[in-house]
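In the numbering used here, the protein residues as written are 1322 to 1396.
Glycine included, every Cβ here is placed at the ideal spot set by N, Cα and C.
What you are looking at is a predicted structure, and each value in this text was computed from that prediction instead of being measured.
First comes the structure, then the notes that go with it.
Have a look at this one:
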């Protein structure tokens, strides 16, 4: 049992468009810079690499990325 990611959010008011998140999750394409602001490009949260999302959240220099979780009873 664990918490699974149900949504990833980029606060456009905080985002400075540095591209750190896009670089971290480049292979998965989770983030994309659009008009200088990062946008989340996740369609399937069931198969998201939580380590990459957490790294992007932790490495964002302005704290613009957050996530919502839900309790997952799957073992």
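- A residue is called buried once 16 or more other Cβ atoms fall within 10 Å of its Cβ, and residue 1387, having fewer, is exposed.
- Non-local C-beta neighbours of residue 1336 in its own chain, meaning closer than 6 Å and more than five positions away in sequence, comprise 1358, 1359 and 1385, ordered along the chain.
- A direct Cα-Cα distance of roughly 23 Å separates residue 1376 from residue 1356.
- For residue 1341, the three-state secondary structure derived from DSSP is helix.
- For residue 1370 and residue 1334, the gap between their C-alpha atoms comes out near 26 Å.
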